[in-house]
Amino acid sequence: MKNGSLIIRVPGKLMIAGEYAVLSSGYPAIVTAVNRYLTVKISTGSKFKISDSSKISKVEWMLKSNGDVIGLDDKKHSFIKAAITVAIQYLREEGVGVSPFHIEIQNELKDIISGQKYGLGSSAACVVGIISAILAYHGIEIEKEEFLLFKLSCIAHLKAQGNGSGADIAASVYGGWISYYRYDAEWLTHRLNVTNLNLHDLVSMSWPCLSISRITLPARISFMVGWTKHSVRTSHLVNKIEAFQKENKKEYEIFLEQSKAAVMEFIRACDLNSGERILKAIHKNRTALQYLEDITGLQLETKEIIELCRIAEKYGSGKFSGAGGGDCGIAFLIDKEKIEDLKQEWLKSGIIPLELQSSMLGAAQIV
Ligand code: PMV
Ligand code: MG
């Protein structure tokens with residue numbers, strides 16, 4: 118596209134089960150896309166610029182003839198810079214010329230008033246949104262290129278964050294409910310840092326251990342999301358858990374197996390269309406995460422999360438979603454009529470029910 122503009126919409130995500138364990142190859146997680154979105158508008162401009170709805174100022178950056186992005190050096194732009202760099206590198210390898218464009222990001226994945234994050238995967242959605250927008254703007258039909266988007270986004274995310282399973286990226290790209298096994302992170306890091314592979318070759322290869330499959334929830338099950346009003350830095354907790362894992366392999370292995378058993382139970386519950394089994398699986402996963410807390414000494418269940426789960430368990434079962442330590446928790450219940458009671462009890466305890474549902478749509482061009 119030489120002139121004009123287009124808009125990409127990307128759903129946020131909620132981790133449902135398998136947190137932390139999914140960082141290890143061979144251990145699954147369940148994740149769903151949710152109906153809150155990040156939108157990215159890309160349009161023709163005279164210079165490269167980017168703006169974010171929550172920060173009024175526009176930031177300019179430059180592209181060197183070798184494809185390097187100059188500017189965007191503020192830490193808050195690290196995901197944006199990595200996403201732009203990867204998208205442009207890919208286009209250059211494909212022989213596509215790149216001329217200046219403006220990018221405008223609108224992020225519904227944060228609390229509108231405070232700007233605090235809910236834990237709905239805004240950095241992953243941002244990376245997916247920017248890569249999708251730049252590729253679509255240059256003529257690539259992104260709806261047909263989900264696997265390409267997923268892989269490029271993982272590469273950019275890994276470069277910016279250095280950790281992260283990619284489950285959030287899978288939800289943002291594909292939409293719906295997903296059972297996810299991470300790629301072998303050492304393999305990918307080695308390919309990126311040590312070998313001279315270009316992006317084209319890297320995304321064309323099959324990535325060891327990676328598996329993304331759709332699942333369908335049992336008909337008789339509902340879920341609710343509650344926000345604790347506290348944000349946490351996932352990468353900080355993940356670094357601590359990874360350090361623990363290196364020193365305490367045996368204990369961590371026990372956690373991994375407990376988590377896997379819970380997630381497999383969740384998948385089986387979906388296959389058998391059994392709401393009751395979903396409740397059991399969520400409970401099992403909570404127990405595994407409590408064991409992780411015990412062995413690491415980290416506080417993953419805050420007092421708000423404990424309260425959220427206590428109420429959830431009166432109606433079904435609950436756990437934190439994501440890294441814990443704040444953000445959101447989830448409740449699953451079979452009796453739809455009880456949803457309102459659950460919400461009221463959460464509100465009384467200072468937990469904010471979020472009106473979230475799954476989004477069956479993944480990243481897509483809407484205009
Ligand atoms: O806090 P969230 O919603 O970004 O989820 C983190 C989940 C972890 O398994 C702890 C990390 C990851 O990248 O999967
Ligand atoms: Mg989180």
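Under the numbering used here, the letters of the sequence shown match residues 118 to 484, in that order. Just so you know, even glycine gets a beta-carbon here, dropped at the ideal spot from N, CA and C.
Under the three-state DSSP convention, the category residue i falls into
i    : result
S343 : Strictly speaking, residue 343 in this sequence is Gly, with Ser absent from that position. Strand at G343.
N313 : coil
A288 : helix
G441 : coil
R331 : strand
Y432 : helix
L459 : helix
S239 : helix
L140 : helix
S174 : strand
M186 : Strictly speaking, residue 186 in this sequence is Val, with Met absent from that position. Three-state DSSP puts V186 in a strand.
L409 : helix
I395 : helix
I251 : helix
S168 : strand
Q233 : coil
Y300 : coil
V151 : strand
K158 : strand
S216 : coil
I259 : helix
Burial state of residue i, where buried means 16 or more other Cβ atoms lie within 10 Å
i    : result
I483 : exposed
H353 : exposed
H255 : buried
H400 : buried
M322 : exposed
D191 : exposed
E454 : exposed
S182 : exposed
E225 : buried
P325 : exposed
N313 : exposed
I423 : exposed
K227 : buried
G442 : buried
R350 : exposed
G479 : buried
E457 : exposed
K130 : buried
D318 : exposed
G121 : exposed
E421 : buried
Nearest-angstrom Cα separation, counted from residue j out to residue i
i    : j    : result
I220 : S249 : 12 Å
C387 : C426 : 22 Å
Q223 : K158 : 8 Å
I371 : I412 : 10 Å
S168 : A378 : 44 Å
E374 : H194 : 37 Å
Y300 : N315 : 18 Å
W294 : A146 : 11 Å
M179 : V186 : 6 Å
L252 : W463 : 42 Å
L459 : I428 : 7 Å
K397 : S475 : 21 Å
I205 : G184 : 7 Å
L389 : A200 : 40 Å
I257 : V213 : 10 Å
Q461 : I469 : 10 Å
K431 : L305 : 44 Å
S240 : S270 : 11 Å
S141 : A134 : 14 Å
F267 : V290 : 6 Å
Q233 : L473 : 17 Å
A242 : R385 : 29 Å
V215 : A277 : 22 Å
S391 : P335 : 6 Å
K346 : D444 : 7 Å
For residue j and residue i, believed in contact at Cβ under 8 Å, the rounded distance
i    : j    : result
G236 : G439 : 5 Å
L189 : V176 : 7 Å
A287 : V380 : Rounded, the Cβ-Cβ distance is 14 Å, inconsistent with contact.
V244 : A273 : 5 Å
G435 : I447 : 6 Å
A150 : Y144 : Their Cβ separation, rounded to whole angstroms, is 21 Å, which puts A150 and Y144 out of contact at 8 Å.
E418 : F449 : E418 to F449, Cβ: 17 Å. No contact.
W344 : L265 : At roughly 33 Å, the Cβ-Cβ gap does not stay under 8 Å, so W344 and L265 are not in contact.
I395 : G246 : That pair is no contact at about 31 Å.
E486 : A481 : Residue 486 lies beyond the range of the chain shown here (118 to 484); nothing can be said about it.
K357 : L275 : Not a contact, Cβ separation roughly 19 Å.
I329 : Y297 : 6 Å
N310 : E359 : At roughly 18 Å, the Cβ-Cβ gap does not stay under 8 Å, so N310 and E359 are not in contact.
P217 : S160 : Contact flag wrong, Cβ pair sits at about 10 Å.
M132 : G292 : With a Cβ gap of about 15 Å, M132 and G292 do not count as contacting.
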